[in-house]
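Single-structure report; data block below.
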Amino acid sequence: MSSYSLGKELAGMAQRDRAAMTLQDQVAQLFLEARDDVYRYLLSLGLHPPQAQEAAQEVFLRLYVTLRKGEDILNPRGWIFRVAHNLGLKIRAKQATQAPFDAELELKLRSTELNPEQSLLEREQNVRFHQAVQGLSEQQRRCLLLRLEGLRYPEIGSALGISASAVGEFLRRAIARLKKVKNEEG
Amino acid sequence: MPHPSEEQLLRYSDGELPGRNTSQVDSHLKACWQCRTNLEEMEETVGSSVRYRTNVLQRHLPAPPAPWTDIYRSFAEIDAALPQPGFTDRPLVQLVMRVLAWPVHNPRKWVPAAVAALLLWGLFYRYRITPSVQASELLHKAMIASDIRPVKPHLLRIRTKASSVTRRTGPDQALTANLQDRETLNSLKTLFHNANYNWDDPLSARAYSAWRDQLSAKHDQVTEERDSYRIRTETESGDLLEASLQLSTQDLEPKEGRFAFRNSDWVEITAMPEESEPVASVIPAAPEARATLPKLSTGIAASLPAPTAGDELRVLAALHELGADLGDPVEVSRDDREIVVSGVGIAPERRQAIQQALGSLANVAVRFTESAPAGGSPQPVAPETAAGSDISRIAEQMGGRAHFEELAAQVLDRSEPLMARAYALRRLEEKFPATVEAQLGTEDLATLRRLQREHTAALLQQTRELEQTLKPALKSTLVGQASGLSGPLQPATEELFQSARRVEKLLAVVFGAAPPDDAMHTTQLPAQLISAVTELRANVEAYDHLLAKTER
C-alpha cells in the first residue's frame, strides 16, 4: 500500500466523518435557534406545554432523519414550521375531547406584578391587541403567526394547505382587522 | 395604474408581488400620497404585530416545562437505528487496524513503518486541518483528469433567480435563436466576466481554480457527499462572494456549480447528460423567481407577444382537467411575458402530470419548489379545538358520542371539497371579471362558462348531500326559506363564497374542529348550521341560474 493512496483514502474518510458531523451541527444549530419559536407555535395550536415541547423536539429529529436520507431541503425553517403544523394538528385531533391549552394571556397582560414597568394604558393596549389577534379567524391567525416567524407566503400556504394568494388574502384581512383596533385606540 | 388594492400593497411590502407589478406599485406609490399613507399604516400594524410577538407571546407564554433534551444524543440514537456499518466495520477503523497490524507482522520493518505512520499522520493532519490545500489539490487533480478526457463541447443547464436556460460550452454559447435566452446568457456573461470568472467553460475545475487563485483572501471548505466532493470557496474580494463546485468522486468531472454574487444574484450550473436534448427555455425556476434580476429580463417583453386572458384561461382549463384547480397548492399568474404556474410541496408524479398537461401551451412557465415533507402532504384543517361542553350537548342530542364522531368525520370530510369548489369559482371571477370577460373570444368564453358551471354543479351536489346528511342528524324541521342571491355575477360570486365560508365555519364549530366566534350563540349552533346550509343551497341554485342566463 503506497502512502499516497493511503493518504487519499484517509482524507476521504476524514471528510466523510466531518460531513456527517456538519449535518448534526447544522440541525443542532437550527434547534437552538428555532426550538422556542416552534414550541410557542404549537402552543398556539392548542397543544399543552409538555406535548408542545415534545412535538417541537420531534420536528427537529424528523428534519435530521430527512436530511440524513439525502433529501435536499431548500428552506429548513419553512420545512420545520410546516411539519410542526401538521404534527400539531394530528396531536390535537387525537385529543379532540380534551380542551385546548389556554395560556390565559389576558390575565397575565393585565397583571401589574408581571408588568411592573407598564402603565395602565400600555397594559390595556396590549390586552386589546391580544383580543384582536384572538378575534381573527383561525386561518387569519395562523397565517399571521407563521408570517411573524419569518415564513414567506408560499411556505405558509404549503404549511396550511392553501394557495399563496389565499395566504395574501388572509393576511390582508388580519392586518385590516388589527389596524382597526389600533385606530380605535387613537 | 389605478390604486393598488390593500392586498397588493401588503404583498408589495412583503416582497411577494411579481417583479413587473412591484415596479408598477413602486411608481404609483411615489405619485400617490393616499396609497403611501395606507401602506405606512399597514406597516405600523405589522410593527405592532412584531411587538406583540416579542412583548406578549415570547414573554408571557409559559416556558417549556422541562429542560430541552441533548439533541446530539437523539441524533446518535437515530444514527444507530438507521442502517449503518458497525464500529469495527467502519472503513476508517479497519484501515487503522490494518496499519497498526502491519509492523507486528513485519517486525524487521517497524522503523520504516513508524516513519510511514508519521507521514500518514502528517498527511491526515494536513488534509483535515487545511482545507485550502485540500481544495487546490483536488482542483489540480480534477484539471489533470479533465485533460485526459476527450475534448468536446457539452451542454450546461443554467438556472438563475429569474430563468433557466441551456447552453453549450465554448465561446459560441447560445443553443437557440430565442431572444430571451440570448439576452439572459449575455447578462450572465457580463456578470461572470466582471467577477473574473471564465464564462466560456464555467463548469470546469480550470475556471474555478483560475478564479480562486486570483483572490487575495478566501476561505475554503471541502466536503464529501454521497458520490461527489464539494469544494466551496468564500471571499470578500470581487463580485463573486461564494462559489462551490461539485466533482464526481469517480472521475472528478464537475457536476454542478453554484455561484452567489455580491448583488445577491445567484446562478446554478448543472452538467447535462450527453444524450439529452436541449430543454425548453422556460423550465422550473426558484420560487422567488421573478422578484429580482431585472437586468436579465428588461427589454425582452416587447419582442414577444404578451399572453392574453384567453391563454390564461386555457391554462386553467388544462389544470381543471386534472382537478389541479382544486385543493392543490397551485397558483396561476399572468404578466406581460408569460403565464406562471407555480406550486409548492407537490408530489413528483403530480408535478409530472401537471407539466405534461401544460406542455402544449405557449408562454407557460411551470415552477415547483420544495419536496413534500416526510409524512405526506400538508393536511388542511383537521379537528383541533373542541368546544367542550357544547359539543357534548350536541352529541347527546344526536344520540351519543360514537354516532356524533362518525357523523363529524363524514361532514368535515365533505366541507373540504365543497370549499375547494367555492374557492375555484371565486378565483375564476377574480381572474376574469366582466371587463376581462368582454375581451375573450367566443370559444374561450364558452370554456369559462363550462368551468364555472362544472364547479357550480359539483358545489350544488355537495351542498345537497350535506343538507341531506345533516337535517335528519340534527333533527331539524327547518324548512329552507332562503331566496338565493341575484345578479350581477361578480358580487354574486363573492356572496356565494361567503355563504360557503359560513357553512364551513359552522361545521367546524358544531363538530368540534374550531372554537365558536364571539358572535355565535352556542345554544343555537345546530339551527344556525342548518339554515346556513339551506341558504348555501339556495345560493348555489340561484348562481347556477345566473350562469345559465349569461349564456343565452
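Protein chains in written order, with the working numbering: chain P, 64 to 249; chain B, 94 to 645. Where is the CB? At the ideal position from N, CA and C, for every residue including glycine.
For Ala147/P, no CB of chain B lies under 8 Å from its own CB, so it is not counted at the interface with that chain.
Our two residues, Asp418/B and Lys123/B, have alpha carbons roughly 37 Å apart in a direct line. With a contact defined as Cβ atoms closer than 8 Å, Lys348/B and Ala336/B miss out at about 14 Å. Closest option to Leu640/B, judged by alpha-carbon separation, among Phe590/B, Gly112/B and Pro581/B: Pro581/B.
With contact defined as three or more Cβ pairs closer than 8 Å, the segment 520-539 of chain B and the segment 621-630 of chain B are not in contact.
Using a Cβ-Cβ cut-off of 8 Å, Thr175/P does not count as an interface residue toward chain B, since no Cβ of chain B sits closer than that to its own. Contacts with chain B at 8 Å (Cβ-Cβ) include Arg215/P. With respect to Ala450/B, Leu415/B sits close: the two C-beta atoms are nearer than 8 Å. With fewer than 16 other beta carbons inside 10 angstroms of its own, Leu183/P counts as exposed. Of all residues in the segment 132-158 of chain B, only Glu134, Met135, Glu137, Thr138, Val139, Ser141, Ser142, Val143, Arg144, Tyr145, Arg146, Asn148, Val149, Leu150, Gln151, Arg152, His153, Leu154, Pro155, Ala156, Pro157 and Pro158 place a beta-carbon less than 9 Å from a beta-carbon of chain P. Per DSSP, the beta-bridge partners of Pro347/B are Leu340/B. Three or more beta-carbon pairs drawn from the segment 501-513 of chain B and the segment 595-602 of chain B are found closer than 8 Å, and the two stretches are therefore classed as touching.
By the criterion of a C-beta distance shorter than 7 Å, His193/P is surrounded in its chain by Leu168, Glu169 and Leu172, once the five residues flanking it on both sides are discounted. Contacts with chain B (Cβ-Cβ distance below 7 Å) from the segment 115-136 of chain P involve Gln116, Gln120, Phe123, Leu124, Arg125, Tyr127, Val128, Thr129, Arg131, Gly133 and Glu134, listed in chain order. When CB distances to chain B are screened at a threshold of 8 Å, the residues of the segment 226-245 of chain P falling below it are Ser226, Ala227, Ser228, Ala229, Gly231, Glu232, Leu234, Arg235, Ile238, Ala239, Leu241, Lys242 and Lys245, in chain order. When Cβ pairs closer than 8 Å are counted between the two stretches, the segment 136-152 of chain P is seen to touch the segment 98-110 of chain P, the count reaching three or more. Secondary structure note for Ile362/B: its beta strand (DSSP E) is the uninterrupted segment Trp359 to Ala364. Around the C-beta of Trp126/B, fewer than 16 other C-beta atoms lie within 10 Å, and the residue is accordingly described as exposed. Assignment of Ala458/B by DSSP, reduced to helix, strand and coil, places it in the strand class. Here Gly133/P carries a coil assignment [DSSP, helix/strand/coil].
Selection Val408/B, Glu547/B, Ala446/B and Val434/B evaluated against Phe461/B yields Val434/B as nearest (Cα-Cα). Excluding sequence positions up to five before and after Asn131/B, its CB lies within less than 8 Å of the CB of Glu99 and Leu102, all in the same chain and listed in chain order.
Between Phe354/B and Leu334/B, the C-beta spacing is below 8 Å. In this structure, the alpha-carbon of Arg427/B lies about 7 Å from that of Pro400/B.
Asn246/P and Glu133/B have their C-alpha atoms some 13 Å from each other. Taken atom to atom, the span from the alpha-carbon of Leu563/B to that of His638/B is near 25 Å.
Contact note: Gln87/P reaches chain B through Tyr165 and Phe168, using a C-beta cutoff of 7 Å and chain order.
Within 7 Å of the CB of Val196/P, the CB atoms of chain B belong to Tyr145, in sequence order along the chain. In terms of beta-carbon proximity, Pro139/P stays away from the interface with chain B, with every pair separated by 8 Å or more. Where Glu317/B is concerned, the enclosing beta strand (DSSP E) starts and stops at Lys311 to Glu317.
The distance from the Cβ of Val437/B to that of Gln448/B is about 15 Å, inconsistent with a contact at the 8 Å cut-off. Residue Cys206/P holds the alpha-carbon nearest to the alpha-carbon of Leu234/P among Leu124/P, Val244/P and Cys206/P.
Contact note: Arg427/B does not reach chain P at a C-beta cutoff of 9 Å; the least C-beta distance is about 13 Å. By the 16-neighbour rule on beta-carbons within 10 angstroms, His286/B is exposed. Between the segment 318-329 of chain B and the segment 244-256 of chain B, the count of C-beta pairs closer than 8 Å stays below three; the two stretches do not touch.
Contact between Arg98/P and Phe123/P holds, with the beta-carbon distance rounding to 7 Å and staying under 8 Å.
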